[in-house]
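See structure below.
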Amino acid sequence: MTREERIVETFVELADTMVDHFDVIEFLHRLVERSLELMDCAEVGLLLANAAGNLQVMASSSERSEALELLQSRNEEGPCFDCYRGSTPVFSEDLRADSKRWPTFAPAAVKHGINSVHAIPMRVHSRTIGALNLFRAGTGRLAERDVPLGQGMADIAAVALIQERAIRESRGVVQQLQGALNSRVLIEQAKGVLAERGNVSVDVAFASMRGYARVHNSRLGDVARDVIDGRLEAAALAELSPESH
Amino acid sequence: MASERLGVVLKAMADADPGGTASMVDRVCGAAGTLLSLSGAGVSLMADGELRGTAGVSEAGIEAVQELQLTLGEGPCVDAWRDMEPVLEADLADPVQVRWPAFAHAGVQAGVRAVFAFPLQLGAVGLGVLVLYRDRPAMLGDDELALGLVLAEVATQTILGLQAGAPADELHVLLADEPAHWAEIHQATGIVSVQLEVSLDEAFVRLRSFAFADDRPLREVAEDIVARRLRLPGAR
Chain A
71 MTREERIVET
81 FVELADTMVD
91 HFDVIEFLHR
101 LVERSLELMD
111 CAEVGLLLAN
121 AAGNLQVMAS
131 SSERSEALEL
141 LQSRNEEGPC
151 FDCYRGSTPV
161 FSEDLRADSK
171 RWPTFAPAAV
181 KHGINSVHAI
191 PMRVHSRTIG
201 ALNLFRAGTG
211 RLAERDVPLG
221 QGMADIAAVA
231 LIQERAIRES
241 RGVVQQLQGA
251 LNSRVLIEQA
261 KGVLAERGNV
271 SVDVAFASMR
281 GYARVHNSRL
291 GDVARDVIDG
301 RLEAAALAEL
311 SPESH
Chain B
890 MASERLGVVL
900 KAMADADPGG
910 TASMVDRVCG
920 AAGTLLSLSG
930 AGVSLMADGE
940 LRGTAGVSEA
950 GIEAVQELQL
960 TLGEGPCVDA
970 WRDMEPVLEA
980 DLADPVQVRW
990 PAFAHAGVQA
1000 GVRAVFAFPL
1010 QLGAVGLGVL
1020 VLYRDRPAML
1030 GDDELALGLV
1040 LAEVATQTIL
1050 GLQAGAPADE
1060 LHVLLADEPA
1070 HWAEIHQATG
1080 IVSVQLEVSL
1090 DEAFVRLRSF
1100 AFADDRPLRE
1110 VAEDIVARRL
1120 RLPGAR
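Protein sequences appear in the order of chains A and B. Note that the working numbering has the first sequence beginning at 71, numbered continuously upward. Note that the working numbering has the second sequence beginning at 890, numbered continuously upward.
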């Protein structure tokens, strides 16, 4: 298979994992694996910013790159960190000469056999959400042909993550909507159940449910569910009805 | 092409309410009415396969037609929500397949001849159905069908946007506008479940069948049960 064919295959594979049961961790690991195969580098790592804006290691090709990524997120220093903060690609052709720039990261990387690095921002519109790091054993620049491919990988990761986040948030709203729709019906049904069991009007039944919810600091929907499931007896609620006071 | 259609829909929504009092979901329905030459449109909220509320209508009369589906337990909303695909019926009086004998009959009596239902969904999760009504038998054209899909998408996003701002466990106030007598239907369900010693689902089915067999509106039967003027056969 030619390199072009492998690239196409990789993007199709990644797009496939984005539909149905999208698993973020699995997706990012696959992206890191394929990046390692397709580009001329020794290790690949991926950092994502959390809600507080701190970088977290999401995927790495080995323990070695994981250690180097952790070092950057812990000390807030290194090419990946600079790339995320500046929202621009950051590279070092020779890490042995960059110990002033990154006093903790550069010597540690060299010790791990990494001598050059290329960090690519993951951007969606104007927002930067993380960075993809390519670590290389030799010195020098990243191969010319790997630069656009690396950016392409970072872009597809960013789009997938943003899309997943948007769907997850909307799903929460849908669930909340359905919960609210159901609990509204449940409350009305519970009024009827309680009215019939306690031989009172639905208004009195409702007043006692509300009274119970207030005294026990519970939600009306939960009280309604307990009434329907028979966990709350009419007698217990009747004590709280306004007419008994 | 898709963005052109979206533009057309948004423009029609802006024009739908010169007075400026309609809710955004009402505007979607109003826009549907103008763009697709309908006699009316409504957005139903659904959960567990049942009609749970009306989020918007193009005009007041539509609510009664929407409600037929709660009363009868069948109709385009139920099917579109269950199958998660549009349901298109060009002539209720002479349907291609007889899907809803009771709804078709009641619908024609209420002046509806054609009905088109589009599920409002997010991935595999459904939240409601956009229903379009025509008072004459006529299928939607290809272009109209495409516009219907865009309208359903806009309705979905509008509802999600509203509900995202609602307090936990509550419906957004603009989505909570259901007819008052619906409450009585659910209260009656609770009463019947105790009287017949059956589950709530079963009680609702019994209530429905009783109203249907007696040829009375469900809400009237419910009102009588809540007022204790009526007990269903077999009630202890």
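Positions of the beta carbon are idealized from the N, C-alpha and C atoms, including for glycine. For clarity, every value in this text was computed on a predicted model and none was experimentally measured.
List the residues that DSSP assigns as beta-bridge partners of residue i.
i: A/His-188; result: A/Phe-161, A/Leu-204
i: B/Glu-963; result: Answer is none; B/Glu-963 lacks a bridge partner.
i: A/Ser-130; result: A/Gly-115
i: B/Tyr-1022; result: B/Gly-929, B/Val-1004
i: B/Glu-939; result: B/Ala-936
i: B/Gln-1010; result: B/Gly-1015
i: B/Val-976; result: B/Ala-1006
i: A/Leu-125; result: A/Ala-119
Quick check on DSSP: helix, strand or coil for residue i?
i: A/Gly-300; result: coil
i: A/Gly-281; result: helix
i: A/Glu-313; result: Because the pLDDT of A/Glu-313 is 49, which lies under 50, any placement of that residue in the model is unreliable, and the number read from its coordinates should be weighed accordingly. A/Glu-313: helix per DSSP, three-state reduction.
i: A/Val-194; result: strand
i: A/Glu-266; result: helix
i: B/Gly-929; result: strand
i: B/Ala-1003; result: strand
i: A/Ala-214; result: For the sequence presented, residue 214 of chain A should be read as Glu rather than Ala. If DSSP states are grouped into helix, strand and coil, A/Glu-214 belongs with coil.
i: B/Val-946; result: strand
i: A/Leu-251; result: helix
i: B/Leu-1029; result: coil
i: B/Asp-906; result: coil
Measuring alpha carbon to alpha carbon, tell me which residue in the options is nearest residue i.
i: B/Gly-996; options: B/Glu-1086, B/Gln-958, B/Ala-1041; result: B/Gln-958
i: B/Val-985; options: B/Cys-918, B/Ala-1003, B/Val-917, B/Arg-1120; result: B/Ala-1003
i: A/Ala-224; options: A/Glu-303, A/Glu-214, A/Pro-159; result: A/Pro-159
i: A/Tyr-154; options: A/Lys-181, A/Val-194, A/Ala-137, A/Ser-130; result: A/Val-194
i: A/Asn-252; options: B/Gly-942, B/Ala-901, B/Asp-904; result: B/Gly-942
i: A/Lys-181; options: A/Gly-123, A/Ser-271, A/Ala-137, A/Ala-227; result: A/Ala-137
i: B/Gly-919; options: B/Leu-934, B/Gln-1052, B/Ala-901, B/Met-935; result: B/Ala-901
i: B/Glu-1067; options: B/Gly-945, B/Gly-1054, B/Ser-1082, B/Leu-895; result: B/Gly-945
i: A/Glu-303; options: A/Glu-266, A/Ser-271, A/Val-187; result: A/Glu-266
i: B/Glu-963; options: B/Leu-940, B/Ala-1053, B/Leu-977; result: B/Leu-940
i: B/Gly-929; options: B/Asp-1090, B/Ala-1065, B/Tyr-1022, B/Pro-1106; result: B/Tyr-1022
i: A/Gly-208; options: A/Asp-299, A/Asp-164, A/Leu-264, A/Glu-258; result: A/Asp-164
i: A/Ala-250; options: B/Ser-1098, B/Ala-1072, B/Pro-1056, B/Ile-1114; result: B/Pro-1056
i: B/Trp-1071; options: B/Ala-911, B/Leu-1085, B/Asp-980, B/Glu-956; result: B/Glu-956
i: B/Ala-1100; options: B/Ala-1111, B/Val-914, B/Glu-1091; result: B/Ala-1111
i: A/Arg-76; options: A/Ala-227, A/Phe-97, A/Glu-103, A/His-99; result: A/Glu-103
Decide if residue i is buried, meaning its Cβ has at least 16 other Cβ atoms within 10 Å, or exposed.
i: B/Thr-960; result: buried
i: A/Lys-261; result: buried
i: A/Glu-146; result: exposed
i: B/Val-1062; result: exposed
i: A/His-286; result: exposed
i: A/Val-78; result: exposed
i: A/Arg-254; result: buried
i: A/Val-82; result: exposed
i: A/Met-71; result: exposed
i: A/Asp-86; result: exposed
i: A/Glu-313; result: Unreliable positioning characterises A/Glu-313 in this predicted model, as indicated by a pLDDT of 49, which lies under 50. The coordinate reading is nonetheless provided below. With fewer than 16 other Cβ atoms within 10 Å, it is exposed.
i: A/Arg-284; result: exposed
i: A/Ile-190; result: buried
i: B/Ala-1116; result: exposed
i: B/Val-976; result: buried
i: A/Glu-133; result: exposed
i: A/Gly-148; result: buried
i: B/Met-890; result: Residue placement at B/Met-890 cannot be trusted, given a pLDDT of 49 that sits under 50; the coordinates are not used to answer.
i: A/Glu-258; result: buried
i: A/Gly-281; result: buried
i: B/Ala-1041; result: buried
i: B/Arg-916; result: buried
i: B/Gln-998; result: exposed
i: A/Asn-203; result: buried
i: A/Gly-220; result: buried
For residue i, verify whether its CB is less than 7 Å away from any heavy atom of the ligand ZN.
i: A/Ser-271; result: By its list of ligands, the structure shown contains no ligand whatsoever, and the ligand ZN lies outside what it can speak to.
Worksheet entry | Under 7 Å (Cβ pairs) to chain E, residues found in the stretch 204–219 of chain A | The displayed structure is made up of protein chains A and B, and chain E is not among them.
Worksheet item: Is the stretch 239–247 of chain A touching the stretch 1006–1017 of chain B in the sense that three or more CB pairs, one from each, lie closer than 8 Å?
Response: The stretch 1006–1017 of chain B vs the stretch 239–247 of chain A: in contact.
Worksheet entry | Validate contact between the stretch 920–927 of chain B and the stretch 1027–1037 of chain B using beta carbons, cut 8 Å, 3 pairs | Touching, per the Cβ criterion.
Worksheet item: Does the stretch 102–112 of chain A touch the stretch 204–213 of chain A, meaning 3 or more C-beta pairs lie closer than 8 Å?
Response: The stretch 204–213 of chain A, when compared against the stretch 102–112 of chain A, does touch it at the 8 Å Cβ threshold.
Worksheet item: Can you find at least 3 beta carbon pairs, one from the stretch 265–282 of chain A and one from the stretch 1078–1091 of chain B, that sit closer than 8 Å?
Response: Touching, yes, given that three or more Cβ pairs across the two stretches are closer than 8 Å.
Worksheet entry | Cβ contact (3+ pairs, closer than 8 Å) linking the stretch 163–179 of chain A and the stretch 116–130 of chain A | Look at the beta carbons and you see the stretch 163–179 of chain A not touching the stretch 116–130 of chain A: under three pairs across the two are nearer than 8 Å.
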